[in-house]
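Under our numbering, the letters of the sequence shown match residues 3 to 372, in that order.
Virtual Cβ for every residue (Gly too), placed ideally from N, Cα, C.
The structure under discussion appears below in the form of structure tokens.
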Amino acid sequence: MPEPVDPRRPRRDAEPHRESPGGPGGVPFRPAGPAPDRHGRPTTRGPLGPTTLRPGLPGRSSGSGGRSGFYPPARPTAWSRGAAVVMADDEELVAGRHPVEEAFVAGRRARRLLVTPQRRQALERLVLHATALRIPVVEVEGGTLTATAGFDGHQGVALVVEARRFAAPDEILARAIRRGEPPFVLALDSLEDPQNLGSLLRSAEAAGVDGVLFPTRRQAPLSPAAVKASAGASEHLLLAPVDDLAGALADLHLRGLRIVGADADAALTYREADLRGPLVLVVGSEGRGLAPPIRRRCDVLIRIPMRGRIASLNAAVAGSILAFEAAMQRGKPEAEPPTGSPPAAAALDSGDVPAGHAAEPPRGDAGTSG
3 MPEPVDPRRP RRDAEPHRES PGGPGGVPFR PAGPAPDRHG RPTTRGPLGP
53 TTLRPGLPGR SSGSGGRSGF YPPARPTAWS RGAAVVMADD EELVAGRHPV
103 EEAFVAGRRA RRLLVTPQRR QALERLVLHA TALRIPVVEV EGGTLTATAG
153 FDGHQGVALV VEARRFAAPD EILARAIRRG EPPFVLALDS LEDPQNLGSL
203 LRSAEAAGVD GVLFPTRRQA PLSPAAVKAS AGASEHLLLA PVDDLAGALA
253 DLHLRGLRIV GADADAALTY READLRGPLV LVVGSEGRGL APPIRRRCDV
303 LIRIPMRGRI ASLNAAVAGS ILAFEAAMQR GKPEAEPPTG SPPAAAALDS
353 GDVPAGHAAE PPRGDAGTSG
């Protein structure tokens, strides 16, 4: 006669069985795959990290051929403090209010907008603009955004965009032809400080430079900090990295451009030099100035007279002075605001948002530093 079975005790020959943290009625425990969330609900890994499956929401039915198999959480995802947001290889980060605004204006293809909860109200118009363009808005902690951007001046907002498409020197010359003016190119010889790089890009765009050449090696990276220092000007310039900067300058010389280098020991001052016509303005690195191969490619070397005890200027300051001197000599007209198009704020208020991501978002005050 078989031994009576106590229903409160598991059978010895039964396979061990564990239930999910959800308690009775949950799915069987499976060690493979993403762990359940703190409520015991199954998760899957989406583009923004682990996401809870929400099978009870409308629009999800078996075999309906409808929406995807998971839905994002109802509330914006909050990342843990200090953990950087993981981005794909074809993504980059634009951090800071003005850079994010200019990325929208330039039509960069955005994938998600990151904001800190403490700054969300101050950035509400940017959030509304992203929402109108159907760009996901994700809340992150300030430490997370700092770890992702690599600096703490992000102002609580960043935009994840598709990787930047760099230009070629020929595209810079083609832009000058479209503008109907002589080419105006800035060449950077191994700048070391991302802040200097960004500041010089900001001045270059304001002075009407068509594009910027820089070497692929021994050059400060175009990091989120550099983009922030440029106040978004990097979104409107053609940036052309080259493997051989000296060779690229020689090629531009053959095409009729004059190569003018900034050198502290030059005999000619920048006011005495003729900076009109097709021009390449070369600025050297902060420590050693122009490298010898670059110096040999220059047709003219110019300097900025110093009256005080300090013998040199910051590379970004010196390059900015020379860029605006060239712009003045070349007689570039001041930029006029576009006419015939409503401001972005009015477009958002009326609900009329242009297609794509090129709609201009609301801007801050013109005098506010980026």
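Reducing DSSP to helix, strand and coil, say where residue i ends up.
{"i": "residue 271", "result": "strand"}
{"i": "residue 98", "result": "coil"}
{"i": "residue 236", "result": "helix"}
{"i": "residue 93", "result": "strand"}
{"i": "residue 145", "result": "helix"}
{"i": "residue 224", "result": "coil"}
{"i": "residue 165", "result": "coil"}
{"i": "residue 158", "result": "coil"}
{"i": "residue 231", "result": "helix"}
{"i": "residue 259", "result": "coil"}
{"i": "residue 86", "result": "coil"}
{"i": "residue 264", "result": "strand"}
{"i": "residue 241", "result": "strand"}
{"i": "residue 249", "result": "helix"}
{"i": "residue 276", "result": "coil"}
{"i": "residue 176", "result": "helix"}
{"i": "residue 34", "result": "Only weak support exists for where residue 34 lies, its pLDDT of 48 falling under 50; the value from the coordinates is given anyway. Coil, per DSSP."}
With a threshold of 6 Å on Cβ separation, who are the neighbours of residue i within its own chain once the five nearest residues in sequence on each side are excluded?
{"i": "residue 236", "result": "203, 229"}
{"i": "residue 200", "result": "228, 231, 232"}
{"i": "residue 329", "result": "209, 210"}
{"i": "residue 282", "result": "187, 189, 254, 259, 261"}
{"i": "residue 184", "result": "279, 280"}
{"i": "residue 321", "result": "202, 285"}
{"i": "residue 325", "result": "205, 206, 209"}
{"i": "residue 270", "result": "304"}
{"i": "residue 307", "result": "271"}
{"i": "residue 132", "result": "115, 139"}
For residue i, which residues in the same chain have their Cβ closer than 7 Å to its Cβ, ignoring the five residues on either side in sequence?
{"i": "residue 316", "result": "198"}
{"i": "residue 70", "result": "Its pLDDT being 38, under 50, residue 70 is placed unreliably by the model, and nothing is read from it."}
{"i": "residue 108", "result": "237, 238"}
{"i": "residue 314", "result": "266"}
{"i": "residue 291", "result": "265, 266"}
{"i": "residue 86", "result": "146, 149, 150"}
{"i": "residue 268", "result": "303, 304, 305"}
{"i": "residue 91", "result": "none"}
My understanding is that residue i touches residue j, with C-beta atoms under 8 Å, so please give their C-beta distance in whole angstroms.
{"i": "residue 94", "j": "residue 113", "result": "The pair is not a contact, with the Cβ atoms about 10 Å apart (cut-off 8 Å)."}
{"i": "residue 140", "j": "residue 115", "result": "7 Å"}
{"i": "residue 264", "j": "residue 312", "result": "Not quite, the Cβ-Cβ distance comes to about 16 Å (not below 8 Å), so this is no contact."}
{"i": "residue 153", "j": "residue 226", "result": "7 Å"}
{"i": "residue 191", "j": "residue 247", "result": "6 Å"}
Residues in the same chain with beta-carbon distance under 8 Å from residue i, minus the five sequence neighbours each way, listed in chain order, please.
{"i": "residue 331", "result": "276, 277, 278"}
{"i": "residue 240", "result": "169, 173, 174, 177, 212, 213, 214"}
{"i": "residue 256", "result": "none"}
{"i": "residue 288", "result": "193, 194, 195, 198, 316, 317"}
{"i": "residue 120", "result": "144, 158"}
{"i": "residue 244", "result": "171, 215, 216, 217, 218, 250"}
{"i": "residue 327", "result": "272, 273, 277"}
{"i": "residue 105", "result": "96, 112, 161, 163, 234, 237"}
{"i": "residue 309", "result": "none"}
{"i": "residue 89", "result": "95, 150, 162"}
{"i": "residue 118", "result": "141, 142, 143, 144, 147, 158, 159"}
Do residue i and the ligand FAD come close, with the Cβ less than 7 Å from some heavy atom?
{"i": "residue 116", "result": "Ligands displayed in this structure: none; no statement on the ligand FAD is therefore possible."}
Open item on the list: Restricting to runs no shorter than 4 residues, where is the alpha helix (DSSP H) found entirely within the region 178-217?
Closed with: Entirely contained in the region 178-217, the alpha helix (DSSP H) runs reaching 4 residues are, in chain order, 196-208.
Task: Contact between the region 168-180 and the region 143-151 (3+ Cβ pairs under 8 Å) - done: The region 168-180 is not in contact with the region 143-151.
Open item on the list: Threshold first: 3 residues or longer. Then list the beta strand (DSSP E) segments lying entirely within the region 281-333, N to C.
Closed with: 281-285, 302-305, all fully within the region 281-333.
Task: contact_flag[the region 128-136, the region 212-221] where n(CB pairs < 8 Å) is 3 or more - done: Below 8 Å, too few C-beta pairs join the region 128-136 and the region 212-221 to call them touching: fewer than three.
Task: Three CB pairs or more closer than 8 Å across the region 242-257 and the region 295-311 - done: Short answer: they touch.
TODO: Give, in chain order, every unbroken run of the beta strand (DSSP E) that is at least 3 residues long and sits entirely within the region 102-156.
DONE: If we require 3 residues or more, the beta strand (DSSP E) runs fully inside the region 102-156 come out as 112-117, 139-141.
Open item on the list: Tell me whether the region 114-126 and the region 179-186 touch, counting them as touching only if at least three CB pairs, one residue from each stretch, are closer than 8 Å.
Closed with: No, the region 114-126 is not in contact with the region 179-186.
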